Amino acid sequence: MFRYIYESELGTCFDRYFDYIAGLKGAIDEALYAFVADVGRYDLRSKGSLHDAWLRRLTLTMSEIAEHPVRQNLHMELLGPYHDRVFHVYYGDVLSYSYCQQARRGSGQQDLLVHEFRLGAQGEFEHVFEFDDGLEISIVCRSMRFEEILLEVEAETETSPDA
Numbered sequence: 118m119f120r121y122i123y124e125s126e127l128g129t130c131f132d133r134y135f136d137y138i139a140g141l142k143g144a145i146d147e148a149l150y151a152f153v154a155d156v157g158r159y160d161l162r163s164k165g166s167l168h169d170a171w172l173r174r175l176t177l178t179m180s181e182i183a184e185h186p187v188r189q190n191l192h193m194e195l196l197g198p199y200h201d202r203v204f205h206v207y208y209g210d211v212l213s214y215s216y217c218q219q220a221r222r223g224s225g226q227q228d229l230l231v232h233e234f235r236l237g238a239q240g241e242f243e244h245v246f247e248f249d250d251g252l253e254i255s256i257v258c259r260s261m262r263f264e265e266i267l268l269e270v271e272a273e274t275e276t277s278p279d280a
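Those letters in the sequence shown? Residues 118 to 280, per my numbering, in order.
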């Protein structure tokens, strides 16, 4: 499933992946490059990481534009690992996708373990995901964008003993 991210006795290794991503600078849109090249999006301790994010929604829409074939678009919504933000990934002009779910263990949320972005030979984008319960998602598309929305978290208020 993954071409550049691999497992070793030390755990999940990203060295080859980030070498590959560095080579994409200038070949893809700056905003998309900023997202896929951001080490914090993969770091286990970063609030902006997609690791341990919960899959909340995966939506497929079909749009028919005059004189064009039906186009598929996908939208993935993930709740950040600290539940303080929501990530939206939009995939436009989807060429293919796969959603493979093994028999689920338990009834908990689907935690994202790792994701890998790749650029195909024809300039298409490929984004693959592996979740802790065996879910694997692969999306191949012509356009992709990422959005992060911070949630307003109610601050815990301390009650003064004098109040």
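Beta carbons are placed, not taken as given, at the ideal position from N, Cα and C, and that holds for glycine.
The model shown is predicted, which means the values in this text are computed figures rather than measured ones.
Nearest residue (CA-CA) to residue i, options the options
{"i": "residue 215", "options": "136, 125 and 176", "result": "176"}
{"i": "residue 209", "options": "181, 124 and 218", "result": "181"}
{"i": "residue 257", "options": "206, 148, 201 and 140", "result": "206"}
{"i": "residue 232", "options": "127, 269, 135 and 126", "result": "135"}
{"i": "residue 193", "options": "179, 172, 185 and 164", "result": "172"}
{"i": "residue 243", "options": "226, 228, 266 and 262", "result": "262"}
{"i": "residue 269", "options": "157, 139, 125 and 199", "result": "199"}
{"i": "residue 144", "options": "254, 245 and 239", "result": "239"}
{"i": "residue 195", "options": "166, 142 and 188", "result": "166"}
{"i": "residue 230", "options": "178, 141 and 197", "result": "197"}
{"i": "residue 235", "options": "125, 142, 189 and 126", "result": "142"}
C-alpha gap between residue i and residue j, whole angstroms
{"i": "residue 160", "j": "residue 168", "result": "7 angstroms"}
{"i": "residue 219", "j": "residue 250", "result": "7 angstroms"}
{"i": "residue 204", "j": "residue 153", "result": "13 angstroms"}
{"i": "residue 148", "j": "residue 129", "result": "26 angstroms"}
{"i": "residue 191", "j": "residue 201", "result": "23 angstroms"}
{"i": "residue 187", "j": "residue 211", "result": "10 angstroms"}
{"i": "residue 137", "j": "residue 121", "result": "8 angstroms"}
{"i": "residue 164", "j": "residue 123", "result": "23 angstroms"}
{"i": "residue 246", "j": "residue 179", "result": "22 angstroms"}
{"i": "residue 162", "j": "residue 139", "result": "22 angstroms"}
{"i": "residue 254", "j": "residue 185", "result": "27 angstroms"}
{"i": "residue 151", "j": "residue 228", "result": "23 angstroms"}
Where residue i sits in the DSSP three-state scheme
{"i": "residue 262", "result": "strand"}
{"i": "residue 134", "result": "helix"}
{"i": "residue 121", "result": "coil"}
{"i": "residue 250", "result": "coil"}
Contact belief for residue i with residue j at Cβ below 8 angstroms, rounded distance in angstroms
{"i": "residue 259", "j": "residue 241", "result": "6 angstroms"}
Self-check item: Complete alpha helix (DSSP H) runs within the segment 136-221 (minimum length 4 residues, chain order)
Solution: Annotation: the segment 136-221 contains the following complete segments of the alpha helix (DSSP H) (minimum length 4 residues), in chain order: 147-154.
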